[in-house]
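Visitor:
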Ligand code: IPM
Ligand code: MN
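Numbering (our numbering), first residue to last: 1 to 366.
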C-alpha cells in the first residue's frame with residue numbers, strides 16, 4: 001500500500017487503503033476496455049472506501065514501432081514495486097507476431113514469477129452459449145494454468161536451420177518446484193471455493209510419460225494432504241470433449257501451460273466469448289497482473305463497439321486479489337446484472353450499446 005506523507009491531507013490519506021496499480025492499456029482496443037474498467041473500479045473504490053493510485057505505462061506496439069523497446073529495464077523495475085498490474089491487450093498488426101507477446105506479456109509473467117494463470121469459466125445470466133441445453137447452472141469452473149514453465153519456457157533451438165535436414169526442438173520444462181507450487185495453489189484454491197470441492201488434473205499421461213508422470217505423482221502426493229477434496233484426472237483431449245458435453249462435471253481444473261492456453265480458449269467460447277473472459281496472472285507472494293483474455297482486436301479499434309466486460313471482470317479479480325473481496329464481488333454482481341437484463345449480445349458491435357455505455361451500465365448496477 002502506498003501513502004504519500006507529504007501534504008496536510010496525510011492524516012486522511014493514510015487512513016485510506018490505497019493501492020498502486022500499474023495500468024498498461026496496450027494496443028488496439030486495449031485502451032478502450034481499460035478505460036471502462038477503470039471507470040467501474042473507481043466507482044466501486046469510492047463505495048468501498050479505498051483508493052486506486054493509477055500509474056500508466058505506454059508499453060505496446062506503438063511504442064515498439066517508435067523506439068524499438070518492448071519492456072525497458074526501468075519500467076520493469078517500477079512494475080516490480082506496484083500492488084498489481086492492469087493490462088488491456090498486447091498485439092499490433094504492424095509488428096511481427098511473437099515480438100510483443102514474448103517481449104512484454106510473457107516476459108512480465110516470467111520476470112514477475114506469476115506462476116499461476118487463473119481463468120474462471122462462468123456463464124453469466126442472459127449470456128448465449130454455443131452449448132445447447134446448458135445454462136449458468138452447468139458452466140461454472142476455474143482453470144488453474146501453470147504460467148512460467150512447460151513449452152513456454154523457451155528451451156530449444158534449431159539445427160541446420162533453413163536446410164532440408166533442419167531440426168527444430170522445443171522442450172517442455174517441468175520442474176518439481178514449478179509443478180508442485182502450481183498444484184498446491186490449485187488444491188488451496190479448490191478448498192476455498194464454494195462449489196463441489198473437486199480438482200481435476202488435465203494432462204496427457206499416456207503420451208507425455210515423463211513430464212506428466214511428474215505432474216501425476218505430485219498431484220497424488222499433494223492430494224493426500226487434502227482428504228476433503230475429491231480428485232479426478234482427464235487427458236487433455238478428453239477434457240475438451242467433456243468441457244463441451246458435460247461442463248457441469250468441472251469445479252477446478254489444474255493443467256500445464258500449453259494445455260491451459262488451449263482449453264481456456266475453449267472455455268472462453270462456452271462462457272460467451274472473448275467479450276467476457278478474464279484472467280489473472282498470479283504471483284501469490286508478489287505482483288499479479290490482470291487482463292481480459294481476448295486480444296487487441298485491431299479492426300474494432302476506436303469504433304466504440306468492443307465489449308469491455310472482460311476487462312471489467314479482470315478488474316474485479318484484481319480487487320479480490322488485493323484483499324478487497326467485497327468490492328471484487330460487487331463488480332461481478334454488477335456485470336451479471338448487466339448481462340442478465342441489458343445486453344443483446346456479448347459480441348463486438350452487437351451489444352445494443354457502445355463500449356462506454358456498457359461501462360456506464362455496470363457503474364449504475366453497482
Ligand atoms: C494467452 C495468450 C498468450 C499465451 C499469448 C498471447 C502469448 O494466448 O494469454 O492465453 O499463449 O499465453
Ligand atoms: Mn491463449
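Every residue gets a Cβ at the ideal spot worked out from N, C-alpha and C, and that includes glycine.
So is residue 321 buried or exposed if we call it buried at 16+ other beta carbons inside 10 Å?
Guide: buried
Visitor: Name all residues in chain order for which at least one heavy atom of the ligand MN lies closer than 7 Å to the residue's CB.
Guide: Listed along the chain, these residues meet the criterion: 261, 264, 265 and 293.
Visitor: Please work out which residues of its chain come closer than 7 Å, Cβ to Cβ, to residue 125, disregarding the five sequence neighbours upstream and downstream, and give them in chain order.
Guide: 136, 336, 339 and 340
Visitor: For a quick check, are the C-beta atoms of residue 257 and residue 149 less than 9 Å apart?
Guide: The answer is yes: Cβ separation under 9 Å.
Visitor: On the DSSP bridge assignment, give the partners of residue 279 in chain order.
Guide: 291
Visitor: Please give the ranges of any beta strand (DSSP E) in the segment 194 to 276, keeping only runs that are unbroken, at least 3 residues long and fully inside the region.
Guide: You should have 198 to 203, 230 to 235 and 252 to 255.
Visitor: Would you check whether the ligand IPM has a heavy atom nearer than 8 Å to the C-beta of residue 90?
Guide: yes
Visitor: When you compare only the Cα positions, how much space is there between residue 324 and residue 356?
Guide: 25 Å
Visitor: Rounded to whole angstroms, what is the Cα-Cα separation between residue 231 and residue 129?
Guide: One C-alpha to the other measures close to 27 Å.
Visitor: Does the segment 76 to 91 come close enough to the segment 236 to 247 that 3 or more CB-CB pairs lie under 8 Å?
Guide: No: fewer than three Cβ pairs fall under 8 Å.
Visitor: The ligand IPM and residue 295: does any heavy atom of the ligand fall closer than 8 Å to the residue's C-beta?
Guide: yes
Visitor: For a quick check, are the C-beta atoms of residue 275 and residue 327 less than 9 Å apart?
Guide: no
Visitor: Taking 9 Å as the CB-CB limit, is residue 180 close to chain D?
Guide: Among the chains of the structure shown, chain D does not appear; only one protein chain is present.
Visitor: CB-CB under 7 Å to residue 287, same chain, minus the five flanking residues each way: which ones, in chain order?
Guide: 79, 80, 82, 84, 85 and 112
Visitor: To the nearest angstrom, how far is the alpha carbon of residue 317 from that of residue 358?
Guide: 19 Å
Visitor: So, helix, strand or coil for residue 298, using DSSP?
Guide: Here DSSP, grouped into helix, strand and coil, assigns residue 298 to helix.
Visitor: Assuming residue 64 and residue 95 make a contact with CB atoms under 8 Å, what is their CB distance in whole Å?
Guide: 6 Å
Visitor: Is the closest heavy atom of the ligand IPM to the C-beta of residue 282 under 8 Å?
Guide: No, since every heavy atom of the ligand IPM falls outside the 8 Å radius drawn around the Cβ of residue 282.
Visitor: Should residue 261 go down as buried or exposed, given a rule of 16 or more other Cβ atoms within 10 Å for buried?
Guide: buried
Visitor: So is the beta-carbon of residue 300 under 8 Å away from any non-hydrogen atom of the ligand IPM?
Guide: no
Visitor: I want to check one thing, is the minimum distance from the CB of residue 216 to the heavy atoms of the ligand IPM below 8 Å?
Guide: no
Visitor: Look up residue 18 in the DSSP assignment and give the residues it is bridged to.
Guide: 51
Visitor: What is the DSSP secondary structure of residue 139, reduced to helix, strand or coil?
Guide: coil
Visitor: Below 8 Å, how does it come out for the segment 41 to 61 and the segment 14 to 23: are there three or more Cβ pairs, yes or no?
Guide: yes
Visitor: For residue 74, which three-state DSSP category applies?
Guide: DSSP places residue 74 in helix when its eight states are reduced to three.
Visitor: Apart from the five residues just before and just after residue 237, which ones in its own chain have a Cβ nearer than 8 Å to its Cβ?
Guide: By the criterion of a C-beta distance shorter than 8 Å, residue 237 is surrounded in its chain by 204, once the five residues flanking it on both sides are discounted.
Visitor: Under 8 Å, with one C-beta from each stretch per pair, do the segment 294 to 311 and the segment 25 to 42 reach the 3-pair mark?
Guide: yes
Visitor: Do you know whose CA, among 147, 98, 123 and 141, lies nearest residue 110's CA?
Guide: Selection 147, 98, 123 and 141 evaluated against residue 110 yields 147 as nearest (Cα-Cα).
Visitor: For the ligand IPM, is there a heavy atom less than 8 Å away from the beta-carbon of residue 225?
Guide: no
Visitor: What is the rounded straight-line gap between the Cα of residue 190 and the Cα of residue 155?
Guide: 31 Å
Visitor: Please identify the residue among 153, 307, 161 and 72 whose C-alpha is closest to the C-alpha of residue 292.
Guide: 307
Visitor: Between which residues of its own chain and residue 248 is the CB-CB distance below 6 Å, once the five residues before and five after are set aside?
Guide: 138
Visitor: Nearest to residue 71 by CA position, among 343, 310, 106 and 193, is which residue?
Guide: The shortest C-alpha separation from residue 71 is found at 106.
Visitor: So, at 8 Å on beta carbons, what are the nonlocal neighbours of residue 99 in its own chain, with the 5 sequence-adjacent residues on each side left out?
Guide: Counting only Cβ-Cβ distances below 8 Å, and skipping sequence neighbours, we find 64 and 70.
Visitor: DSSP on residue 105, reduced to helix/strand/coil?
Guide: helix
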